[in-house]
């Protein structure tokens, strides 16, 4: 992965975090900055996973990679929201 891929993953991560929060079930009592950090992490990890399974470089929009990233963000938001609500 090149540096442009990492920067793109971070920028997309901002959007991915918001989408992950929308797709996460229930109410999430976490701040927006934490949602953004989860989205960035999910975007970076999702990019590496997509590259590992060979779907990162497809012609046009990488729908499979975006789906992986949004699913990871939704899982991350759900896990963090669940752990914060038990405090």
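Numbering (our numbering), first residue to last: 2 to 88. Virtual Cβ for every residue (Gly too), placed ideally from N, Cα, C. Note that the coordinates shown come from a computational prediction; the quantities given were computed from them, not determined experimentally.
Inset, instruction - Measure the alpha-carbon distance for residue 58 versus residue 29 and round it to whole angstroms. - result: 33 Å
Inset, instruction - Assign residue 48 to one of two classes, buried (16 or more other C-beta atoms within 10 Å of its C-beta) or exposed (fewer than that). - result: buried
Inset, instruction - Quick one: measure Cβ to Cβ for residue 80 and residue 24, integer angstroms, because I've assumed they're closer than 8 Å. - result: Wrong, their Cβ atoms sit about 14 Å apart, outside the cutoff.
Inset, instruction - Would you mind working out which of 27, 53, 54, 16 sits nearest residue 38, comparing C-alpha positions? - result: 16
Legend entry - Where the alpha helix (DSSP H) containing residue 48 begins and where it ends: 33-54
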